[in-house]
Amino acid sequence: MKKFYILDTNVLIHDPMSFTKFEDNTVVVPISVIEELDTFKSAGDERGKAARIVSRHLDEMRKAGKLNAGVRMENGGTLIVDLDHEQVLPKEFLLLEMDNRILNAALWYNKKKHNAILVTKDINLRLKAEAIGVNSEDYEAGKVKVDEIYPGLVTVEKTAAFVDKFYKDKTAKNTDADLVANEFVVFKAKEDPKKSAMGRVDPSDTAVIKMLSPESSPWGIRPLNKEQRCAMDLLLDENVKLVTMIGSAGTGKTLMSLACGLQKAVEESVYRRLIICRPIVPVGKDIGFIPGTKEEKLSTWMGAIYDNLEFIMDRRHQDDAMQKFEYLLQNGKIEIASVTHIRGRSLPKQYMIVDDAQNLTPHEIKTILSRAGEGTKVVVTGDPYQIDNPYLDIASNGLMYIVDRFKGQKLYGHLTFTKTERSELAGLVAELM
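Quick note, the sequence shown lines up with residues 0 to 432 if you use numbering that gives the first Met the number 0.
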């Protein structure tokens, strides 16, 4: 039986092409959704951009017929832009509220004996739909299978002779393990668990594991565990153009990224500058609504970045750390920006760090990655268990989307951090509270 999918505004903002993702069913965009998109379209942020894209696509669809009567799409489905109907919701639901108007449209189609499903990323709206007997669901297209996300570091048991040979040859073939390009592996001796060796899959030949490069300490930062060492191996490798790192606070993912970025951009001048950006606020707004200068606005939301940079500078330039930091900012070797300010720019030969990427949609992260010009390296970090955006979850955010889509690509590497390196007090708090 064909279905009628009624789309909420947040679905179209999340994926401007979402109306094409429901196979040969009927997709209904209520007029109230069009009105809400109209209020967003002039904004300079990602939400405004998405609203404009949706409007252009819907306008293009008008060429195929009248949207209020239904237009046939290439996938065999039908698209309808529907006017508001008489209220069929209980009187407690005021139609002055946008969500209730969308809910009313879903209930109206339900009462017309259609197999209607409200599609929304708003949890509370799904709860309201259930309360009045309307089927609802989250937007599932593009969601990743979380349990299939690879950690980037695996342990493989081998004989002690194999481990010894790996140490000697600094390479290994025929590992009998299902590995992908740039994945890390720890070979552990069956006879002696304390005997082990660590390497990375050579992207030019996935049957070959190469020993990690000698441990380094960019800008005085040394890796404290094997995960940090693996991360540093990826971060300093100019052939790995895209790196993702997942981990909770205290694992060192941001600190490692900044130290390696400073090493490659400032110390070695391999890249023109180090750019650090993150989503300023979770709901897609720009920093314009925050009082103060641009620098003051950014410092409000970039506290963790500034703290890490100050820590690194103190280790390298103990007497004049902040003066050195200001000098690098003023001379353009370091740039700190909101994600919004990256859009529309072409960024060749940059070392770019995108922090807190779990608060970005797949569409937003795609926009950012498309800005990377020739010779640019992009590092994307975040914690998918700490999402502030109300319309994203662990399976639908931009960070997890990259890990799922890029696995196995020769220019890509990933690492999931599990070990935290906190102060004694912070570690005890994490354990007990």
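By construction, the Cβ of each residue, glycine as well, lies at the ideal position given by its N, Cα and C atoms.
CA-to-CA distance, residue j to residue i, given in whole angstroms
| i | j | result |
| --- | --- | --- |
| methionine 244 | valine 153 | 15 angstroms |
| asparagine 173 | valine 184 | 13 angstroms |
| asparagine 24 | leucine 398 | 30 angstroms |
| lysine 1 | asparagine 114 | 7 angstroms |
| glycine 407 | glutamate 147 | 13 angstroms |
| alanine 105 | asparagine 99 | 10 angstroms |
| serine 422 | glycine 249 | 9 angstroms |
| tryptophan 218 | valine 155 | 33 angstroms |
| serine 268 | phenylalanine 310 | 21 angstroms |
| lysine 167 | histidine 413 | 27 angstroms |
| threonine 253 | isoleucine 30 | 44 angstroms |
| lysine 225 | proline 150 | 13 angstroms |
| leucine 261 | tyrosine 305 | 14 angstroms |
| asparagine 396 | alanine 49 | 16 angstroms |
| leucine 257 | lysine 62 | 50 angstroms |
| lysine 194 | lysine 164 | 12 angstroms |
| asparagine 134 | methionine 197 | 51 angstroms |
| lysine 142 | alanine 394 | 5 angstroms |
| lysine 332 | glycine 372 | 17 angstroms |
| leucine 102 | alanine 128 | 7 angstroms |
| serine 345 | aspartate 83 | 43 angstroms |
| lysine 418 | tryptophan 107 | 52 angstroms |
| glutamine 340 | arginine 46 | The amino acid at residue 340 is misidentified as glutamine; the sequence shows histidine. Approximately 14 angstroms between the Cα atoms of the pair. |
| leucine 273 | valine 265 | 8 angstroms |
| threonine 205 | tyrosine 411 | 13 angstroms |
| isoleucine 79 | glutamate 34 | 15 angstroms |
| leucine 233 | glutamate 334 | 22 angstroms |
| leucine 42 | arginine 271 | Before going on, a small fix: residue 42 reads as alanine here, not leucine. Rounded to whole angstroms, alanine 42 to arginine 271 spans 31 angstroms at the Cα level. |
| aspartate 201 | alanine 171 | 10 angstroms |
| isoleucine 131 | threonine 19 | 27 angstroms |
| lysine 120 | threonine 415 | 27 angstroms |
| lysine 209 | leucine 241 | 19 angstroms |
| aspartate 58 | aspartate 81 | 15 angstroms |
| valine 282 | proline 361 | Unreliable positioning characterises valine 282 in this predicted model, as indicated by a pLDDT of 42, which lies under 50. A coordinate reading is not provided. |
| asparagine 181 | methionine 97 | 48 angstroms |
Residue range of the unbroken beta strand (DSSP E) whose run includes residue i
| i | result |
| --- | --- |
| aspartate 81 | 77-81 |
| lysine 376 | 376-381 |
| histidine 84 | Taken as a continuous stretch (DSSP letters only), histidine 84 belongs to no beta strand (DSSP E), as it is neither H nor E. |
| phenylalanine 324 | Looking at the DSSP string, phenylalanine 324 is not in any beta strand (DSSP E); the run it does join, the alpha helix (DSSP H), is 320-329. |
| arginine 51 | Here arginine 51 belongs to no beta strand (DSSP E); instead the alpha helix (DSSP H) covers 45-60. |
Counterpart residues of residue i in DSSP-defined beta bridges
| i | result |
| --- | --- |
| tyrosine 4 | Val26, Ile116 |
| threonine 243 | Val379, His413 |
| valine 338 | Valine 338 is not bridged to any residue. |
| leucine 273 | Ile333, Tyr350 |
| alanine 371 | Leu346 |
| arginine 421 | For arginine 421, which the question treats as bridged, DSSP gives no partner whatsoever. |
| alanine 188 | Lys157 |
| valine 10 | Beta-bridge pairing links valine 10 to no other residue. |
| valine 70 | Leu78 |
Residue i, buried or exposed, once every other Cβ within 10 Å from all chains shown has been counted against 16
| i | result |
| --- | --- |
| asparagine 330 | exposed |
| arginine 199 | buried |
| glycine 302 | exposed |
| glutamate 190 | exposed |
| isoleucine 116 | buried |
| methionine 432 | exposed |
| proline 222 | buried |
| aspartate 175 | exposed |
| glutamate 237 | exposed |
| glutamine 385 | exposed |
| glycine 251 | buried |
| methionine 16 | exposed |
| lysine 65 | exposed |
| lysine 169 | exposed |
| leucine 326 | Just to set this straight, residue 326 is tyrosine in the shown sequence, not leucine. The residue is exposed, with fewer than 16 neighbouring Cβ atoms inside 10 Å. |
| glutamine 322 | exposed |
| asparagine 74 | exposed |
| aspartate 307 | Residue identity differs from the one stated: residue 307 is asparagine in this sequence, not aspartate. By the neighbour-count rule (16 or more Cβ atoms within 10 Å), asparagine 307 is buried. |
| leucine 235 | buried |
| arginine 125 | buried |
| asparagine 67 | exposed |
| leucine 178 | buried |
| glutamate 136 | exposed |
Range of the contiguous alpha helix (DSSP H) that encloses residue i
| i | result |
| --- | --- |
| glycine 302 | 302-315 |
| phenylalanine 405 | 397-405 |
| alanine 105 | 97-110 |
Counting only runs that start and end within the stretch 119-183, where is the alpha helix (DSSP H) found for 4 or more residues in a row? 122-130, 159-168
Quick check on the DSSP output: what are the complete beta strand (DSSP E) runs of length 3 or more inside the stretch 190-267, in order along the chain? 195-200, 208-210, 241-245
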